[in-house]
Amino acid sequence: MGSKLQNALALIVLVAMFALPVFSMHFQIEGTESKCFSEDLNVKSVVLANYQVVSENSPMISVKVTSPYGNSLHKQDRVTKGEFAFTATEAGDYTACFSIADASKESKAMVDLEWKLGIDAKDWDSVAKREKIDGVELELRKLEEAIGEIHNNMLYLRDREEKMREVNEVTNTRMAWFSITSLLICLAVAGAQVWYLKSFFERKKLL
60 MGSKLQNALA
70 LIVLVAMFAL
80 PVFSMHFQIE
90 GTESKCFSED
100 LNVKSVVLAN
110 YQVVSENSPM
120 ISVKVTSPYG
130 NSLHKQDRVT
140 KGEFAFTATE
150 AGDYTACFSI
160 ADASKESKAM
170 VDLEWKLGID
180 AKDWDSVAKR
190 EKIDGVELEL
200 RKLEEAIGEI
210 HNNMLYLRDR
220 EEKMREVNEV
230 TNTRMAWFSI
240 TSLLICLAVA
250 GAQVWYLKSF
260 FERKKLL
């Protein structure tokens, strides 16, 4: 029984590793530049992120998060730390940009960013208390949602592949018609040149 439990927990960890993109990074902003990070999300994907300026005596920063169509999801000016959370309503690249408020060329700021996606962004302590579950039952619930995340991501990737294939087919068709049209135009121009030269030489009585 203990071996089966260990195998189940190992499966949970393995699935979670593939289903839950979680990253934490440490980056520097210099001068008037902005540092932007993008994540390709499917509809209904949940994101939770925390950020904090960690360098001493560093300037405050501004943060802006936008959806694939440019809708603002989070915006903060002149802060040293904060967090944002959202559920994706559009499929595509979601972008978080960090810049120094009132920046000069000498300005520098070191920032820590933790980005959680999917079930890792969920407050499982609250879920456990609300639904009165714990231990293996809670882990199985996480596994169920992780599998759902994988399934949704596979459907999303398949949909994107179909759209890319349609775009490629349309592009190939247009290129084929463009090539045929270009060839016909070249033949017409060549024919016109031959006709003009023949007429010219006939007028000059050279033929």
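The sequence shown runs 60 to 266 under my numbering. Cβ atoms here follow ideal geometry from the backbone N, Cα and C, with glycine treated the same way. Here the structure is a predicted model, which is why all the values come from computation and not from measurement.
### Query
CB-CB under 6 Å to residue 155, same chain, minus the five flanking residues each way: which ones, in chain order?
Counted from its first residue, the sequence shown places residue 155 at position 96. Apart from the 5 residues on each side of it in sequence, residue 155 sits with its Cβ closer than 6 Å to the Cβ of 96 and 124 in its chain, given in chain order.
### Task
Sort 245, 249, 111 and 234 by Cα distance to residue 172 and report the nearest one.
Counting from one through the sequence shown, the residue named residue 172 turns up at place 113. Per the Cα distances, 111.
### Task
Determine, using beta carbons only, whether residue 208 and residue 153 come nearer to each other than 8 Å.
As a working mapping, residue 208 is identified with position 149 in the sequence shown. As a working mapping, residue 153 is identified with position 94 in the sequence shown. For the 8 Å CB-CB criterion, residue 208 and residue 153 do not form a contact.
### Query
Which word fits residue 229, buried or exposed, when buried means at least 16 other C-beta atoms lie within 10 angstroms of its C-beta?
One-based indexing of the sequence shown puts residue 229 at position 170. Per the 10 Å Cβ criterion, exposed.
### Task
Starting from the Cα of residue 160, find the closest Cα among 145, 231 and 139 and give me that residue.
The residue labelled residue 160 in the question sits at position 101 within the sequence shown. Comparing Cα-Cα distances from residue 160 to each of 145, 231 and 139, the minimum goes to 139.
### Message
Need the endpoints of the alpha helix (DSSP H) that residue 218 sits in, please.
### Response
Within the sequence shown, residue 218 is the residue found at index 159, counting from 1. Its alpha helix (DSSP H) spans residues 194-262.
### Query
Among all the DSSP beta bridges, which residues are the ones paired with residue 84?
Position 25 of the sequence shown, counting from 1, holds the residue named residue 84. 172.
### Message
Are the CB atoms of residue 149 and residue 127 within a distance shorter than 8 Å?
### Response
Your numbering for residue 127 matches position 68 in the sequence shown. Your numbering for residue 149 matches position 90 in the sequence shown. Against a cut-off of 8 Å, the Cβ pair of residue 149 and residue 127 comes out as a contact.
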